[in-house]
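Some notes on the structure that comes next.
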Amino acid sequence: MNNVILKMTDITKSFSGVKALKGAALELRAGEVHALMGENGAGKSTLMKILTGIYERDSGEVEVFGEKVEFQNVKESQEKGIAIIHQELNMMKDLTVAQNIFIGREYIKFGVFIDDGKMEKEAKKLLDYVGVNISPRKRLGDLTVGKQQMVEIAKAISHNSKLLILDEPTAALTSVEVDDLFRIMKELKSKGIGMIYISHRMDEIKRISDRVTVMRDGEYIGTVNTNETDNEEIVKMMVGRVILGKTKEKSACPDDAPTVLEVKNLNVGNTVKNVSFSLKKGEILGFSGLMGAGRTEVARALFGADKKDSGEIKINGKLVNIETPEQAVSQGICYISEDRKRFGLLLDKSVTENSVLASVGKFTKFGFIDDISARKEAEKVNKKLRTKTSSMSQILRNLSGGNQQKVVVARWLIKDADIFIFDEPTRGIDIGAKSEMYELMEELVKKGKSIIMISSELAEIQRCSDRVIVMCEGRKTAELPIEEATQENIMKYAMMRSKEGIA
Amino acid sequence: MNMFEKSKQNFIIVVALLVLVILFYLLNPNFLNEYNIISMAQSLAPYAILGLGVTFAIATGGIDLSIGTVCIASSVVAGKLYTDGLIPLWSTIPVMILIGGLFGLINGLLIAKLKLPAFIATLGTMMVSRGLSAIIVNAPNVFYPTGTWFNSLFSNNNGFPSGILWVLGFMIICMYIMYKNRVGRYILSIGSNEEATRLSGINTDKYKIMAYVLTGLGAGIAAVFWSSSFVTVASATGSGMELDAIAGVYIGGTSAAGGVASVGGSVIGAAMLVVIRSGLNFVLAKYNVSVNSTYVTYVLTGVIVVFSVLIDILKNKKKK
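Protein sequences appear in the order of chains A and B. Residue 1 is where the first sequence starts when you use our numbering, and the numbers rise one by one after that. Residue 1001 is where the second sequence starts when you use our numbering, and the numbers rise one by one after that.
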């Protein structure tokens, strides 16, 4: 099957003078899974928004099923058979599966009553067609994220979609759910449906896609056949250079470095059980484990963001009481969350305001905030961090993920924190900015700061940590020097389930 | 929003206000007679100060529905103490401010510590303040004196509307608190992203409570001006006032979602409502329209509130 169902050529698009797309292109065949790759900000979502009619292009051509189109809105693209499955699901949690699938076009009986029975029957047919076993009567919110996604796919199919866009569909899925999703995608493939697949995960791209199109800085870089191309080549296309993920061979932190933080028998509800550990000055302590192992909960309790049930915290040998983030910050601890948008940033405020948020007091003279010296300090620190922003008064929403992350780091550098807790420091950050983040952490420890780094990426743990703590089901299952922190070793301890349940 | 955009927005509503004034003047030149100017300036004070206060609650992303009834409750309770001879006239001032602040504190505690939605917490204190003050006072009206220093200081000094100077003074103080002091900075941060602010080591509960205390103090201070200018204050009233004041704040450019506040805009918004109310009276009278001007005022104010917020939303949409 080689018939082309989508052809986008030479697409350009500018936003208030800034070129987001310059000569972007994409071609999709029926029955093909086509991966669209590129760093954050490469223009993938802009291109998809043009395809679905959310944005209007400045120039270029879009041809869908052999017909030149000029979509004005999402509805027009839907009618042509294009559907997008978003990263964040757009469905009603309190409605049933069937009600969600048929929302906006409910079956009616006797002219006034919604015919739930018929909708459920039709929904069942669709779900069977897609190949998933979900009861159409279930409340959507009671399903796992993975199952919800499959409902959304069924909904797209019910609209007679022949072209599906999947935007980072696996971001929140477990590996079993990913397997399920891929099975369904293969099913749809065999039915001739073309899929554009956006993801950062190389292994998935390898498993599921037929071809890969790479974009960089709004430009079309190239299209390759997946099975003829190795990972390094794709990464090279994406960043324009080769990145080597090396593993740290031995701890960079001297053995006799003083202990800055000691946590003893920390307990938080059901999520953290008797966790103890210590952190040395100038050390990067990696926290590894599977999703839900309790690592974030340890960090949040240590930072006072959540209430702990029991546990002792010593800083520089002195017992301290930390019940609130305010107290943690006054002890020199800071927490940089994986969910920057919710827990880190004031998205509608400037780089300056975000940078000095924790240190407004420092810039207050005679009861007046000195905005000029605040801006100067923010400028100085952000320059050092190489934050890319048009100006210090730029709104955070307009910065890329990596640069937003740097502004949060700037906040704590200005506050002069000593202990940095990074929770998934590179989540949602593109590959180029990742290594910059690693260098930044190394610079921090060189300056005598200490770091706790929670990460789900083994390569990241191996690249950065001096020592690794592995958690499983709320317990600390291992403490490994970096020399022993092999992937096999970490995984073994990450899956070392408790036997308490049996007794 | 940077300084430039903020002043641009203020400029737009000042122009809108001037256009309204000129329009009313053209329709009925009598609108700008000396007496009416004084009367408008005088009635501006309580509304503008209510608006200045509630700007802080709205900036956190919350709301305070109790300011109108708290304002009247402060006035009647202090007035009752004064007419019963329990306190001298001057001490009605701190009593009113204190009552306002107290209700603000209660609101703040309910919202920040007990996590009640602001709408519900302040709906409760609105009803409580209205009923409770009437029970305490146990009289349909309280009376403040006329022609004393109290009146000339706060409302009308030999024909000069002294309230207007106070409004400007309070506006400058509020600008300082909102833009140049930690309290305002944190209040705006909370309105922008409360959890991120808390995780930056800021005691968000404390600053949220402070926002409502400032709002309550505004209601108490507004009571001083209300008492001195209207003299006869009916107990168990005041509901409806809060909506006028809040409408003025929205017209002034403060975001209902929090995070963005225009202190100057709140005063201009209040002025706009006063001008509309008075101007319509003159226009309807001149053209012998037999409709109660209050009703027309409601219609016009409603339309302006919706439109000014709508323009704001459309502007933001374009930016994204």
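Even glycine gets a Cβ: it sits at the ideal position worked out from N, Cα and C.
Secondary structure of residue i, DSSP reduced to three states
{"i": "B/Glu-985", "result": "Missing from the structure shown is residue 985 of chain B; chain B here goes from 1001 to 1320 and no further."}
{"i": "A/Tyr-509", "result": "No information on residue 509 of chain A is available, as it lies outside the stretch 1 to 503 that chain A covers here."}
{"i": "B/Ile-1202", "result": "coil"}
{"i": "A/Leu-181", "result": "helix"}
{"i": "A/Pro-518", "result": "Because residue 518 of chain A is not part of the residues shown, which for chain A are 1 to 503, the question remains open."}
{"i": "A/Ser-310", "result": "strand"}
{"i": "B/Lys-1008", "result": "helix"}
{"i": "A/Lys-447", "result": "coil"}
{"i": "A/Met-215", "result": "strand"}
{"i": "B/Pro-1094", "result": "helix"}
{"i": "A/Glu-168", "result": "coil"}
{"i": "A/Thr-387", "result": "coil"}
{"i": "B/Met-1171", "result": "helix"}
{"i": "A/Val-242", "result": "Reliability of the predicted coordinates at A/Val-242 is poor, the pLDDT of 48 falling under 50, and no value is obtained from them."}
{"i": "A/Ile-82", "result": "strand"}
{"i": "A/Glu-249", "result": "coil"}
{"i": "A/Ser-161", "result": "coil"}
{"i": "A/Lys-44", "result": "helix"}
{"i": "A/Lys-281", "result": "coil"}
Residue range of the alpha helix (DSSP H) that includes residue i
{"i": "A/Val-356", "result": "351-356"}
{"i": "A/Ile-325", "result": "What sits at residue 325 of chain A in the sequence shown is Pro, not Ile. Residues 325-330."}
{"i": "B/Leu-1243", "result": "1241-1251"}
{"i": "B/Met-1126", "result": "1118-1137"}
{"i": "B/Tyr-1082", "result": "1067-1083"}
{"i": "A/Lys-155", "result": "145-158"}
{"i": "A/Val-298", "result": "295-302"}
{"i": "B/Val-1263", "result": "1263-1286"}
Pairwise C-alpha distance: residue j and residue i
{"i": "A/Gly-269", "j": "A/Leu-181", "result": "33 Å"}
{"i": "A/Ala-374", "j": "B/Tyr-1179", "result": "14 Å"}
{"i": "B/Ala-1078", "j": "B/Ser-1235", "result": "12 Å"}
{"i": "A/Ser-276", "j": "A/Asp-255", "result": "19 Å"}
{"i": "B/Ile-1304", "j": "B/Asn-1010", "result": "16 Å"}
{"i": "A/Ala-503", "j": "A/Glu-312", "result": "Bear in mind that the predicted position of A/Ala-503 carries a pLDDT of just 30, short of 50, making it unreliable; the figure below should be weighed with that in mind. Each residue's Cα considered, the two are about 29 Å apart."}
{"i": "A/Met-119", "j": "A/Ser-435", "result": "50 Å"}
{"i": "A/Val-129", "j": "A/Val-224", "result": "Note on residue identity: the sequence assigns Tyr, not Val, to residue 129 of chain A. Going from the Cα of A/Tyr-129 to the Cα of A/Val-224 covers about 31 Å."}
{"i": "A/Asn-398", "j": "A/Asp-217", "result": "16 Å"}
{"i": "B/Met-1040", "j": "B/Ser-1262", "result": "22 Å"}
{"i": "A/Thr-271", "j": "A/Ser-288", "result": "15 Å"}
{"i": "A/Met-1", "j": "A/Arg-139", "result": "The predicted position of A/Met-1 is uncertain, since its pLDDT is 45 and thus under 50; a value taken from the coordinates is nonetheless stated next. Taking the straight line from one Cα to the other gives about 39 Å."}
{"i": "A/Ile-193", "j": "A/Asn-489", "result": "42 Å"}
{"i": "A/Arg-105", "j": "A/Leu-444", "result": "56 Å"}
{"i": "A/Gly-81", "j": "A/His-159", "result": "7 Å"}
{"i": "A/Ala-154", "j": "A/Gly-141", "result": "16 Å"}
{"i": "B/Lys-1315", "j": "A/Leu-127", "result": "42 Å"}
Chain B within 7 Å of residue i, Cβ atoms only
{"i": "A/Pro-325", "result": "yes"}
{"i": "A/Ile-369", "result": "yes"}
{"i": "A/Ala-494", "result": "no"}
{"i": "A/Lys-206", "result": "no"}
{"i": "A/Asp-430", "result": "no"}
{"i": "A/Ala-257", "result": "no"}
{"i": "A/Gly-43", "result": "no"}
{"i": "A/Asp-348", "result": "yes"}
{"i": "A/Leu-357", "result": "yes"}
Span of the beta strand (DSSP E) around residue i
{"i": "B/Asn-1141", "result": "1141-1143"}
{"i": "A/Lys-467", "result": "The sequence shown places Arg at residue 467 of chain A, rather than the Lys named in the question. Per DSSP, A/Arg-467 belongs to the beta strand (DSSP E) from 467-472."}
{"i": "A/Ser-59", "result": "59-64"}
{"i": "A/Glu-479", "result": "475-481"}
{"i": "A/Asn-321", "result": "Where A/Asn-321 is concerned, there is no enclosing beta strand (DSSP E), given that its DSSP letter is neither H nor E."}
{"i": "B/Phe-1150", "result": "Premise fails: B/Phe-1150 lies in the alpha helix (DSSP H), 1149-1154, not in any beta strand (DSSP E)."}
Those residues which DSSP pairs with residue i across a bridge
{"i": "A/Phe-113", "result": "A/Lys-109"}
{"i": "A/Tyr-335", "result": "A/Ile-421"}
{"i": "A/Lys-22", "result": "A/Thr-12"}
{"i": "A/Leu-28", "result": "A/Leu-6"}
{"i": "A/Tyr-588", "result": "Residue 588 of chain A falls outside the range modelled here, since chain A spans only 1 to 503, and no answer is possible."}
{"i": "A/Ile-315", "result": "A/Leu-261 and A/Lys-318"}
Residue-level contact to chain A via CB, residue i, 7 Å cutoff
{"i": "B/Gly-1259", "result": "yes"}
{"i": "B/Ser-1200", "result": "yes"}
{"i": "B/Glu-1324", "result": "The structure shown does not extend to residue 1324 of chain B, since chain B is modelled only from 1001 to 1320, so the question has no answer here."}
Residues that residue i contacts on chain C, provided the C-beta gap is smaller than 7 Å
{"i": "B/Lys-1180", "result": "The chain inventory of the structure shown lacks chain C, comprising the protein chains A and B."}
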